[in-house]
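Visitor: Residue numbers (this note's numbering): 29 to 364.
A virtual CB, placed ideally from N, CA and C, is assigned to each residue, including glycine.
Small disclaimer: the values here were computed from a predicted structure and weren't measured.
Have a look at the structure that comes next, please.
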Ligand code: AQP
């Protein structure tokens, strides 16, 4: 992407929940694309801790992971001098705008969200209101910063569409207030699947460790998990229907090598799945190694991470405050 001057810049925003150890899905679908936006866009990247409490978290782990996600942002090339890195709960306007937007969101719209249906089935003992209104908070995250583009994986597309509908509805009632955001979904890597059940997305909260590659898994673990990945009874490496496991592995291989599917098929012609799985493991481990090294360096310097959090919260608050006061004025609240 080319470099734009500050005045020409549009805004990009995205976030990741500190709800588990991040996966290859989070990396390829979101994180690894974030730094591409920093030259051309005014970027806000947040650790969305408010979202993560829709599912029960162990407080000490949530705290540790919040530092970890921030360290991963920086390890993946996000320079805190060039973009705003912050923690969602440090900017209270997210919760404030979320309430106001919830009054512009329909019950029926939220009921149709597939993530709500999936997570309610997974956490049947804790179907809380936050799980239901999660997409409104996500709309607030985006609309607070008047974001133009939202880099996300395929699974978040439905939530982004709802954020657009909420923005258009509010703008229609009160005159233009919010920028209507566009998703940026990568062509390859937007939908990384579980290694154990390749029709299901890879999720950080999956309890089957063999289903998930963690960004911080060591080389041997990465290769071992790929070698165990579920495939099919065929033996040829082909991107074809009915071969969900192999298609997923080809996607991952493509993301790390830049090769397209036809090239990958040629490369592994006449070779078995075993060789292919090992090769996918090796390119993944090689691709993650530099991120892991930088991550350890940043995690060893908590004071630095806290400075980044503090500066980021201040910068983010400046924009968030402006939007919230505009919304309050439009709604008719008395402002002093
Ligand atoms: N499997 C995936 N493939 C591609 N992209 C993915 N993302 C998540 N899983 C995949 C993208 O990662 C970003 C951050 O996701 P999130 O933390 O907001 O939560 P999520 O989408 O609910 O991700 P998880 O890993 O499935 O978390 P849990 O298990 O806690 O629900 C988003 O841009 C998402 O699209």
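Which of helix, strand or coil does DSSP assign to residue 162?
Guide: In the chain shown, residue 162 corresponds to position 134, counting from 1. Helix at residue 162.
Visitor: Between the segment 51–58 and the segment 68–80, can you find at least three pairs of beta-carbon atoms closer than 8 Å?
Guide: Judged by Cβ distances under 8 Å, the segment 68–80 makes no contact with the segment 51–58, as fewer than three pairs qualify.
Visitor: Based on the DSSP secondary-structure assignment, which residues constitute the bridge partners of residue 51?
Guide: One-based indexing of the chain shown puts residue 51 at position 23. Answer by DSSP bridge pairing, in chain order: 242.
Visitor: Can you tell me whether residue 359 is helix, strand or coil according to DSSP?
Guide: The residue given as residue 359 occupies position 331 in the chain shown. Three-state DSSP puts residue 359 in a helix.
Visitor: With H, G and I counted as helix, E and B as strand and the rest as coil, what does DSSP make of residue 68?
Guide: Within the chain shown, numbered from 1, the residue matching residue 68 stands at position 40. DSSP places residue 68 in coil when its eight states are reduced to three.
Visitor: Touch check for the segment 344–357 and the segment 109–125: three-plus C-beta pairs under 8 Å?
Guide: The segment 344–357 vs the segment 109–125: in contact.
Visitor: My guess is that residue 372 and residue 243 are in contact by the Cβ rule of under 8 Å, so how many angstroms apart are they, rounded?
Guide: The requested residue 372 is not part of the displayed model; the chain covers only 29 to 364.
Visitor: Taking a contact to mean a Cβ-Cβ separation below 8 Å, would you say residue 132 touches residue 198 in this structure?
Guide: In the chain shown, counting from the first residue as 1, residue 132 sits at position 104. In the chain shown, counting from the first residue as 1, residue 198 sits at position 170. Contact flag set, yes.
Visitor: Just the C-alpha distance for residue 264 and residue 276, rounded to the nearest angstrom, thanks.
Guide: Here residue 264 corresponds to residue number 236 of the chain shown, with the count starting at 1. Here residue 276 corresponds to residue number 248 of the chain shown, with the count starting at 1. Approximately 14 Å between the Cα atoms of the pair.
Visitor: Applying the 10 Å Cβ sphere with the 16-neighbour rule, what's the burial state of residue 154?
Guide: What you label residue 154 is simply residue 126 of the chain shown in a count that begins at 1. With fewer than 16 Cβ atoms within 10 Å of its Cβ, residue 154 is classed as exposed.
Visitor: Can you say whether residue 47 is buried or exposed, counting buried as having 16 or more other CB atoms within 10 angstroms of its CB?
Guide: Here residue 47 refers to the residue found at position 19 when the chain shown is read from its first residue. Residue 47 should be labelled buried.
Visitor: So who's on the other strand from residue 229, going by DSSP bridges?
Guide: Position 201 of the chain shown, counting from 1, holds the residue named residue 229. Residue 229 is bridged to 221.
Visitor: Alpha carbon to alpha carbon, how far is residue 114 from residue 339? Give it in angstroms, no decimals.
Guide: To locate residue 339, count along the chain shown from 1; it is residue 311. To locate residue 114, count along the chain shown from 1; it is residue 86. Going from the Cα of residue 339 to the Cα of residue 114 covers about 8 Å.
Visitor: Can you tell which of 175, 348, 187 has the C-alpha that lies nearest to the C-alpha of residue 159?
Guide: For this step, residue 159 is matched to residue 131 along the chain shown. Residue 159 has its Cα closest to that of 187, out of 175, 348, 187.
Visitor: Got a sec? Which residues, its chain only, sit under 6 Å from residue 116 by beta carbon, not counting five neighbours each side?
Guide: By 1-based counting over the chain shown, the position of residue 116 is 88. Answer for residue 116: 74, 76, 77, 78, 122, listed in chain order.
Visitor: Quick one: does the C-beta of residue 262 sit closer than 7 Å to a heavy atom of ligand 1?
Guide: By 1-based counting over the chain shown, the position of residue 262 is 234. Every heavy atom of ligand 1 is 7 Å or more from the Cβ of residue 262, so no.
Visitor: Exposed or buried, residue 363, counting other C-beta atoms within 10 Å across all chains shown (16 or more means buried)?
Guide: One-based indexing of the chain shown puts residue 363 at position 335. Result: exposed.
Visitor: Determine which residues share a DSSP beta bridge with residue 74 and list them.
Guide: Working through the chain shown from its first residue, we reach residue 74 at position 46. Residue 74 pairs with 43, 114.
Visitor: Report the CB separation of residue 219 from residue 182 in whole angstroms; it is logged as a contact under 8 Å.
Guide: Here residue 219 corresponds to residue number 191 of the chain shown, with the count starting at 1. Here residue 182 corresponds to residue number 154 of the chain shown, with the count starting at 1. Their Cβ separation, rounded to whole angstroms, is 4 Å, which keeps residue 219 and residue 182 in contact under 8 Å.
Visitor: Would you say the beta carbon of residue 51 is closer than 7 Å to some non-hydrogen atom of ligand 1?
Guide: Against the chain shown, residue 51 aligns to sequence position 23. Checking every heavy atom of ligand 1 against the Cβ of residue 51, one is found closer than 7 Å.
Visitor: Entirely within the segment 270–302 and at least 4 residues each: give me those alpha helix (DSSP H) ranges in chain order.
Guide: 272–285, 289–295, all fully within the segment 270–302.
Visitor: May I ask whether a heavy atom of ligand 1 can be found less than 7 Å away from the beta carbon of residue 220?
Guide: Here residue 220 is taken as the residue at index 192 of the chain shown, counted from 1. Yes, since a heavy atom of ligand 1 falls inside the 7 Å radius drawn around the Cβ of residue 220.
Visitor: Report all residues from its chain with a CB closer than 6 Å to the CB of residue 254; omit the five preceding and five following residues, and keep chain order.
Guide: Locating residue 254 in the chain shown gives position 226, counting from the first residue. Correct list, in chain order: 305, 308, 309.
Visitor: How should residue 157 be labelled, buried or exposed, when 16 other C-beta atoms within 10 angstroms of its C-beta is the threshold for buried?
Guide: Against the chain shown, residue 157 aligns to sequence position 129. That one is exposed.
Visitor: Count the other CB atoms, across all protein chains shown, that sit within 10 Å of the CB of residue 70; report buried if there are 16 or more and exposed otherwise.
Guide: Counting from 1 along the chain shown, the entry for residue 70 is found at position 42. Residue 70 comes out buried.
Visitor: I'd like the list of long-range same chain contacts for residue 148, defined as Cβ closer than 6 Å, with 5 residues on each side in sequence excluded.
Guide: Reading the chain shown from its first residue, position 120 is the one you call residue 148. 155.
Visitor: Within 10 angstroms of the Cβ of residue 235, are there 16 or more other Cβ atoms? Answer buried if so, exposed if not.
Guide: Here residue 235 is taken as the residue at index 207 of the chain shown, counted from 1. With fewer than 16 Cβ atoms within 10 Å of its Cβ, residue 235 is classed as exposed.
Visitor: Which residues share a DSSP beta bridge with residue 177?
Guide: Your numbering for residue 177 matches position 149 in the chain shown. 40, 210, per the DSSP bridge assignment.
Visitor: Can the beta-carbon of residue 42 be found closer than 8 Å to that of residue 178?
Guide: Walking along the chain shown from the start, residue 42 turns up at place 14. Walking along the chain shown from the start, residue 178 turns up at place 150. Result yes, Cβ atoms of residue 42 and residue 178 sit closer than 8 Å.
Visitor: Is residue 58 near ligand 1, judged by its Cβ being under 7 Å from some heavy atom?
Guide: Reading the chain shown from its first residue, position 30 is the one you call residue 58. Yes, Cβ of residue 58 sits closer than 7 Å to a heavy atom of ligand 1.
Visitor: Are the segment 97–108 and the segment 325–338 in contact at 8 Å, needing three or more beta carbon pairs?
Guide: With the cut-off at 8 Å, the segment 97–108 and the segment 325–338 touch.
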